[in-house]
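Residue numbers (the numbering used here): 8 to 139. For each residue, glycine too, the CB sits at the ideal point set by N, CA and C. For reference, the structure discussed in these notes is given below.
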């Protein structure tokens, strides 16, 4: 199901904030963002991959939530508040992030298939540890 069928607007990119309404959520996904922050991430960057990680995306979300909440309460007019998410709506809105493809691709091209597949559970653990 997509946004059109749900009669919802598409999510705007977090970094494209001028004139954007974040009332229904925001997109924090960065092309090529990685899960891992270790030495392999440094190798990914050296290989030309994006240096943005899930940690960065989560930090941007927290910053977004804190700033928009503060602005919402600071703004006195309903016109000024209309594009800001209401603090109570954060639990109802959709916020997207996209990571991991380059972690797996890098492993496939540098370790081989068997080692890459064997490393997937560790990547999953890293992902979960950053989310909780």
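Next on the checklist: If you follow the beta strand (DSSP E) that residue 102 is in, where does it begin and where does it stop?
Outcome noted: If you number the chain shown from 1, residue 102 lands on position 95. First-last of the beta strand (DSSP E) with residue 102: 101-103.
**Prompt:** Should residue 32 go down as buried or exposed, given a rule of 16 or more other Cβ atoms within 10 Å for buried?
**Reply:** In the chain shown, the residue the question calls residue 32 occupies position 25. Its Cβ being crowded by 16 or more others within 10 Å, residue 32 is buried.
Report task. Could you say which of 139, 110, 127 and 129 lies nearest to residue 54 if we only look at CA atoms? Result -> Position 47 of the chain shown, counted from the first residue, corresponds to residue 54. The shortest Cα separation from residue 54 among 139, 110, 127 and 129 belongs to 110.
Between the alpha carbons of residue 89 and residue 27, how many angstroms are there, rounded? Against the chain shown, residue 89 aligns to sequence position 82. Against the chain shown, residue 27 aligns to sequence position 20. Whole-angstrom Cα-Cα distance: 10 Å.
- Locate the beta strand (DSSP E) running through residue 33, then write down its first and last residues. Mapped onto the chain shown, residue 33 falls at position 26. From DSSP, the beta strand (DSSP E) with residue 33 extends over 32-34.
query = Looking at the unbroken alpha helix (DSSP H) that takes in residue 126, where does it start and where does it end?
reply = For the purposes of this step, residue 126 is taken as residue 119 along the chain shown, with counting starting at 1. Start and end: 120-138.
| query | From what residue to what residue does the alpha helix (DSSP H) around residue 67 run? | reply | Taking the first residue of the chain shown as position 1, residue 67 is located at position 60. Where residue 67 is concerned, the enclosing alpha helix (DSSP H) stretches over 61-81.
Checklist entry - Per DSSP, residue 41 forms a beta bridge with which residues? => result Locating residue 41 in the chain shown gives position 34, counting from the first residue. Per DSSP, 60.
field: Short CB-CB distance (under 8 Å) between residue 107 and chain D
entry: Absence of chain D from the displayed structure is noted, only one protein chain being present.
Quiz item: Quick one: Cα of residue 122 to Cα of residue 129, how far?
Solution: Here the question's residue 122 lines up with position 115 in the chain shown. Here the question's residue 129 lines up with position 122 in the chain shown. So the two alpha carbons sit approximately 11 Å from each other.
Practice problem: Classify residue 11 as buried or exposed, calling it buried when 16 or more other Cβ atoms lie within 10 Å of its own Cβ. | Solution: On the chain shown, residue 11 is found 4 positions in, with the first residue counted as 1. Its Cβ having fewer than 16 others within 10 Å, residue 11 is exposed.
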